[in-house]
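Enquirer:
Protein chains: 2
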Amino acid sequence: MESNANILDLNQLRRSCGSCALHELCLPAGIGRDDLVRLDSAVRDRRALDQGSMLYRDGDGLQALYVVRSGSLKSFVLNEAGEVQILGFHLPGEIVGFDALATDRHVSHAEALEASSICELPYARLQQVAIEVPALHRQLMRVISREMVEEHRHTVMMGRQQAQEQLAIFLKNLTDRYQRYQRLQRDAITLTLPMSRYDIAKYLGLVVETVSRLFSRMKEMGVLEVDRKSVRILRPDLLADLCRSSSVSTSKRRGTG
Amino acid sequence: MESNANILDLNQLRRSCGSCALHELCLPAGIGRDDLVRLDSAVRDRRALDQGSMLYRDGDGLQALYVVRSGSLKSFVLNEAGEVQILGFHLPGEIVGFDALATDRHVSHAEALEASSICELPYARLQQVAIEVPALHRQLMRVISREMVEEHRHTVMMGRQQAQEQLAIFLKNLTDRYQRYQRLQRDAITLTLPMSRYDIAKYLGLVVETVSRLFSRMKEMGVLEVDRKSVRILRPDLLADLCRSSSVSTSKRRGTG
DNA sequence: CGCCCGCTTGAGTTAAGTCAATGACCGTGG
DNA sequence: CCACGGTCATTGACTTAACTCAAGCGGGCG
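Heads up: the protein sequence lines correspond to chains A and B, in order. Going from the first sequence to the working numbering is simple: count from 1 and add 972. Going from the second sequence to the working numbering is simple: count from 1 and add 972.
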């Protein structure tokens, strides 16, 4: 019964939600086969973004929500003085653009950190389908809530007194999120950070020098192996410790120099 | 045409969304008369909360969303060490509980800062009505998005290097939100803070001593008049300046001592 | 009336910021 | 192919704003 539908149009299939690798993480999670077809009808198409290109800007009208399919984005705001605050990094399966629902205008910027591809969900159409398909409505609420919980995590991270704890939590969270869709092995993880040190700093409310020093410190402590964008987590257990309190290991700082 | 409906049942009226003073700020905004009746049917009833009582706790199942009708709440999380991070303060017209939509469990606590009253919106019923009433669906999304934008404001505030800027932004935001529903005059504002200095500190990621010192400093600068919970903003213009950059006025610190 | 809790203030410490210089990589063009 | 310039990252020396610890104040409540 399903093979029938699948053979018909390979091209269509490739872009359909039902066959997407992110199926279970994205909007379709928990939506039945028949309704998936309708959801598909709400997906305009895929869009490719080069590194550095903007998906939307502060002030842009609400056109659509966007699912990250591959690559990654950052969302951020600029204040009057041009200072950046990064609001979030967005990985495959995550949805961006919710900030515009309140006022029908975006109030932040979204930019590709690397070559990325995006599913565009025109909002008017999405809303229509959500009304027809209660399961989608529920899932949409679930996804927004997930975003909100992620915001809370960000807040908690920024509230930490010790910058080292902040960075540890950031790295932990990033590995968790990458593992979710890459099915990576649990230990001995190598991350390729799509964002710059500057971005990390502005995400955490720090300056870039502090972030750089913290990477060096964690390297020195044997927690990480760092080579530019590549971060290998040698001791996930120690990293987890650092998430809780840096105080136990600060003595290391002068120990091995 | 409307007087007719209004006289029928004063008791019912008192609790109905159509007659609520927060009408335009809360869920009913933009929903027609007929649909309002349905929304009303989704509101279980009003609940009174004493100061310090919990509306929900981390781990509680999702029962309902809650509208603050009067008074105020704080939402927060505790880490393993028992340290607090305040996620938000919630004033009349604002809705809390969205954190539970993702997993059907709350992942934060909500506590009344003062005697408060709450409209309870059982979620299953709300969802049902949202499916029947597309305008409510849209408004619900709008409200969640508003929460998300508020989270972003919180993030930006916490990202500031200068604690004085953080507190200035906090106070500015609080006056703006109080004005929204109290229709206060624009200048010469007196706030009665429902939260402790400790709460403010934990909201901003600071320690209580720093917050206390900042209040004293702003008092000394002539921006505020502070008497325990009562904060009178003498110079809204200066407060607005402090939101942008403290650097210009830090010299004041030793000037008038 | 007095205790307790929340707030303020002071003195000293420290972690993170600032400023500045150097180093490593990358893409471009000779 | 290599030299060059630019950007990003690292590191060092110094400064400073916020934290810690500690004491004292004051208002509200029993």
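Ideal placement from N, C-alpha and C gives every residue a C-beta, glycine not left out.
(1) Pull the bridge partners of GLU1197 (chain A) from the DSSP assignment, please.
(2) Looking at the strands, I want to know which residues DSSP matches up with GLY1033 (chain B).
(3) Roughly how many whole angstroms lie between the Cα atoms of VAL1180 (chain A) and ARG1110 (chain A)?
(4) Does chain B have any CB closer than 8 Å to the CB of HIS1109 (chain A)?
(5) Is there at least one Cβ from chain A nearer than 8 Å to ASN976 (chain B)'s Cβ?
(6) How far does the beta strand (DSSP E) with HIS1062 (chain A) in it extend, from its first residue to its last?
(7) With burial defined as no fewer than 16 other Cβ atoms inside 10 Å of the residue's Cβ, what is the status of SER1044 (chain B): buried or exposed?
(8) Got a sec: which bits of the stretch 1092-1116 of chain B sit with their beta carbon under 7 Å from any beta carbon on chain A, in order along the chain?
(9) Kindly identify the DSSP beta-bridge partner or partners of SER1088 (chain B).
(10) Assign VAL1068 (chain A) to one of three DSSP states: helix, strand, or coil.
(11) Counting C-beta neighbours from all protein chains within 10 Å, is the total for MET1026 (chain A) 16 or more, i.e. buried, or is it exposed?
(12) How about PHE1142 (chain B): is its C-beta nearer than 8 Å to some C-beta of chain A?
(13) Should VAL1040 (chain B) be flagged as near chain A, meaning a C-beta pair shorter than 8 Å?
(14) When you check each C-beta in the stretch 1117-1128 of chain B against every C-beta of chain A, which residues fall closer than 7 Å?
(15) Leaving aside the five residues before and after LEU1059 (chain B) along the sequence, list all residues of the same chain whose C-beta is less than 7 Å from its C-beta, in chain order.
(16) Using Cβ-Cβ distances below 8 Å, what residues of the stretch 1026-1055 of chain B are close to chain A?
(17) Starting from the Cα of ARG1018 (chain A), find the closest Cα among A:LEU997, A:THR1162, A:LEU1093, A:LYS1144 and give me that residue.
(18) Within 8 Å, do at least three Cβ pairs link the stretch 1067-1077 of chain B to the stretch 1027-1040 of chain B?
(19) Is it buried or exposed for SER1202 (chain A), if we count other Cβ within 10 angstroms and need 16 for buried?
(20) Could you tell me the boundaries of the alpha helix (DSSP H) in which SER1184 (chain B) lies?
(21) Let me know if GLN1138 (chain A) comes out buried or exposed under the rule of 16 or more other beta-carbons within 10 Å of its beta-carbon.
(22) Is the Cβ-Cβ distance between VAL1195 (chain A) and ARG1207 (chain A) less than 8 Å?
(23) Looking only at its chain, what residues have a beta carbon closer than 7 Å to the beta carbon of MET1190 (chain B), apart from the 5 residues adjacent to it on each side?
(24) Please determine if the stretch 1071-1091 of chain A and the stretch 1118-1128 of chain B are in contact, where contact requires at least 3 C-beta pairs separated by less than 8 Å.
(25) State the Cα-Cα distance for the pair SER1088 (chain A) and ASP1032 (chain A), rounded to the nearest angstrom.
(26) Compare the C-beta of GLN1136 (chain B) with all C-beta atoms of chain A and state if any pair is closer than 8 Å.
(27) So PHE1142 (chain B) and LEU1176 (chain B) are supposed to be a Cβ contact under 8 Å. How far apart are they, rounded?
(28) For ALA1074 (chain B), go through chain A and note every residue whose CB falls closer than 7 Å to its CB, in chain order.
(29) By how many angstroms is the C-alpha of PRO1166 (chain B) removed from the C-alpha of ILE1172 (chain B)?
(30) Can you tell me which of the three DSSP states VAL1039 (chain A) falls into?
(31) For ARG1029 (chain B), is the classification buried or exposed, using 16 other Cβ atoms within 10 angstroms of its Cβ as the cut-off for buried?
(32) At the level of alpha carbons, what is the spacing between SER988 (chain B) and SER1013 (chain B)?
(33) Would you kindly work out how many angstroms separate the C-alpha atoms of GLU996 (chain A) and ARG1149 (chain A), rounded to a whole number?
(34) Considering only the beta carbon of each residue, do ALA1140 (chain B) and LEU1211 (chain B) sit closer than 8 Å?
(35) So, is ALA1082 (chain A) buried or exposed, given that buried needs 16 or more other C-beta atoms within 10 angstroms?
(36) Is there a Cβ from chain B that is less than 8 Å from the Cβ of SER1013 (chain A)?
Expert: Checking against the coordinates, here is how it stands:
(1) Numbered from 1 along the first sequence, position 225 holds the residue referred to as residue 1197 (chain A). Paired residue(s): A:ARG1204.
(2) For the purposes of this step, residue 1033 (chain B) is identified with residue 61 of the second sequence, where counting begins at 1. Paired residue(s): B:ARG1077.
(3) The residue labelled residue 1180 (chain A) in the question sits at position 208 within the first sequence. The residue labelled residue 1110 (chain A) in the question sits at position 138 within the first sequence. Taking the straight line joining both Cα atoms gives about 40 Å.
(4) Mapped onto the first sequence, residue 1109 (chain A) falls at position 137. So, interface residue.
(5) Here residue 976 (chain B) refers to the residue found at position 4 of the second sequence. Unreliable positioning characterises ASN976 (chain B) in this predicted model, as indicated by a pLDDT of 42, which lies under 50. A coordinate reading is not provided.
(6) Your numbering for residue 1062 (chain A) matches position 90 in the first sequence. It spans 1056-1062 - the beta strand (DSSP E) in which HIS1062 (chain A) sits, taken as one unbroken run.
(7) By one-based count along the second sequence, residue 1044 (chain B) stands at place 72. When all chains shown are included, SER1044 (chain B) counts as buried.
(8) GLN1099, ALA1102, ILE1103, PRO1106, HIS1109, ARG1110, MET1113, ARG1114, ILE1116
(9) As a first step, residue 1088 (chain B) must be located in the second sequence, where it is residue number 116. In the DSSP output, where bridge partners are listed per residue, SER1088 (chain B) has B:LEU1021.
(10) Counting from one through the first sequence, the residue named residue 1068 (chain A) turns up at place 96. Judged by DSSP in its simplified three-state form, VAL1068 (chain A) adopts strand.
(11) Counting from one through the first sequence, the residue named residue 1026 (chain A) turns up at place 54. Burial call: exposed.
(12) Sequence index remark: in the second sequence, residue 1142 (chain B) carries index 170 (1-based). No, because no Cβ of chain A sits closer than 8 Å to the Cβ of PHE1142 (chain B).
(13) In the second sequence, counting from the first residue as 1, residue 1040 (chain B) sits at position 68. By this cut-off, VAL1040 (chain B) is not an interface position.
(14) SER1117, ARG1118, GLU1119, MET1120, VAL1121, GLU1123, HIS1124, HIS1126, THR1127, VAL1128
(15) What you label residue 1059 (chain B) is simply residue 87 of the second sequence in a count that begins at 1. Result list for LEU1059 (chain B): SER1047, PHE1048, VAL1049, SER1080, in chain order.
(16) VAL1049, ASN1051, GLU1052, ALA1053
(17) Taking the first sequence and counting its residues from 1, the one referred to as residue 1018 (chain A) is at position 46. When only C-alpha atoms are compared, the closest one is A:LEU1093.
(18) The stretch 1067-1077 of chain B and the stretch 1027-1040 of chain B touch, with three or more beta-carbon pairs separated by less than 8 Å.
(19) For this step, residue 1202 (chain A) is matched to residue 230 along the first sequence. Exposed, because fewer than 16 other Cβ atoms sit within 10 Å of the Cβ of SER1202 (chain A).
(20) Position 212 of the second sequence, counted from the start, is the residue given in the question as residue 1184 (chain B). It spans 1180-1192 - the alpha helix (DSSP H) in which SER1184 (chain B) sits, taken as one unbroken run.
(21) Taking the first sequence and counting its residues from 1, the one referred to as residue 1138 (chain A) is at position 166. The residue is buried, with at least 16 neighbouring Cβ atoms inside 10 Å.
(22) Taking the first sequence and counting its residues from 1, one reaches residue 1195 (chain A) at position 223. Taking the first sequence and counting its residues from 1, one reaches residue 1207 (chain A) at position 235. It is a contact, given that the beta carbons lie within the stated cut-off.
(23) In the second sequence, counting from the first residue as 1, residue 1190 (chain B) sits at position 218. Closer than 7 Å at the Cβ level, and outside the excluded window around MET1190 (chain B), lie LEU1196.
(24) yes
(25) Here residue 1088 (chain A) refers to the residue found at position 116 of the first sequence. Here residue 1032 (chain A) refers to the residue found at position 60 of the first sequence. Taking the straight line joining both Cα atoms gives about 20 Å.
(26) Stepping through the second sequence from its first residue, residue 1136 (chain B) is reached at position 164. Not an interface residue.
(27) Residue 1142 (chain B) sits at position 170 when you count from the first residue of the second sequence. Residue 1176 (chain B) sits at position 204 when you count from the first residue of the second sequence. That pair is a contact at about 6 Å.
(28) The residue labelled residue 1074 (chain B) in the question sits at position 102 within the second sequence. Those are ARG1114, SER1117, ARG1118, VAL1121, listed as they occur along chain A.
(29) On the second sequence, position 200 is the one that residue 1172 (chain B) refers to. On the second sequence, position 194 is the one that residue 1166 (chain B) refers to. About 10 Å.
(30) Start at 1 with the first residue of the first sequence, and residue 1039 (chain A) comes out as number 67. Here VAL1039 (chain A) sits in strand by DSSP.
(31) As a working mapping, residue 1029 (chain B) is identified with position 57 in the second sequence. Label assigned to ARG1029 (chain B): exposed.
(32) Working through the second sequence from its first residue, we reach residue 988 (chain B) at position 16. Working through the second sequence from its first residue, we reach residue 1013 (chain B) at position 41. So the two alpha carbons sit approximately 9 Å from each other.
(33) On the first sequence, position 24 is the one that residue 996 (chain A) refers to. On the first sequence, position 177 is the one that residue 1149 (chain A) refers to. Distance between the alpha carbons of GLU996 (chain A) and ARG1149 (chain A) is about 14 Å.
(34) As a first step, residue 1140 (chain B) must be located in the second sequence, where it is residue number 168. As a first step, residue 1211 (chain B) must be located in the second sequence, where it is residue number 239. A contact, by the Cβ cut-off of 8 Å.
(35) Here residue 1082 (chain A) refers to the residue found at position 110 when the first sequence is read from its first residue. Classification for ALA1082 (chain A): buried.
(36) Here residue 1013 (chain A) refers to the residue found at position 41 of the first sequence. Not one chain B Cβ lies under 8 Å of SER1013 (chain A).
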